[in-house]
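Colleague:
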Amino acid sequence: MDILKEISHEKLIIMVTHNPELAERYASRTVRLLDGQIISDSAPFEPETESAPVPLTQKKTSMSFFTALGLSLNNLLTKKGRTILTAFAGSIGIIG
3 MDILKEISHE KLIIMVTHNP ELAERYASRT VRLLDGQIIS DSAPFEPETE SAPVPLTQKK
63 TSMSFFTALG LSLNNLLTKK GRTILTAFAG SIGIIG
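Okay, here's the thing in structure tokens:
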């Protein structure tokens, strides 16, 4: 347990235990659960200030439409058997 305490100075350690004495001895924060619900939290996170919402911006896709089209056609042509079977199964599903 002392090794975990040392590691916790550099990394986040999450441990689940049914021994409350062990949790109180080694944990810097304890969250108690009962039937999947939080019944107590020793140090809940409280934001200091309310930050302004970040505006959503549209990102340019990393691949152009023509590149994606070329890759798709290449994939269809290299896997002809699977393409034909998929088209056949889809047409049966549509026609009924």
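Residues in the sequence shown are numbered consecutively from 3, following this note's numbering.
In this text, a Cβ means the ideal position worked out from N, Cα and C, and glycines have one as well.
Drop a sphere of 10 angstroms on the beta-carbon of Ala-91, count the other beta-carbons inside from all chains shown, and report buried for 16 or more, exposed for fewer.
Modeller: The residue is exposed, with fewer than 16 neighbouring Cβ atoms inside 10 Å.
Colleague: Decide yes or no for the touch test of the segment 23-30 against the segment 3-14: beta carbon pairs closer than 8 Å, at least 3 of them.
Modeller: Result yes; three or more Cβ-Cβ pairs closer than 8 Å.
Colleague: Among all the DSSP beta bridges, which residues are the ones paired with Leu-35?
Modeller: Its beta-bridge partners are Ile-40.
Colleague: Kindly indicate which residue of Thr-59, Arg-34, Leu-14, Glu-8 has the alpha-carbon position closest to the one of His-20.
Modeller: When only C-alpha atoms are compared, the closest one is Arg-34.
Colleague: Can you tell me the Cα-Cα spacing of Gly-38 and Ser-64, whole angstroms?
Modeller: Rounded to whole angstroms, Gly-38 to Ser-64 spans 41 Å at the Cα level.
Colleague: Mapping DSSP to helix, strand and coil, what is Ile-5?
Modeller: Ile-5 falls in the helix class under three-state DSSP.
Colleague: Just verifying my parser: in three-state terms, what is the DSSP assignment at Leu-71?
Modeller: DSSP places Leu-71 in helix when its eight states are reduced to three.
Colleague: Measuring straight from C-alpha to C-alpha, what distance separates His-11 and Ser-53?
Modeller: So the two alpha carbons sit approximately 28 Å from each other.
Colleague: State yes or no: is the C-beta of Ile-9 within less than 8 Å of the C-beta of Ile-15?
Modeller: Yes, these two residues count as a Cβ contact at 8 Å.
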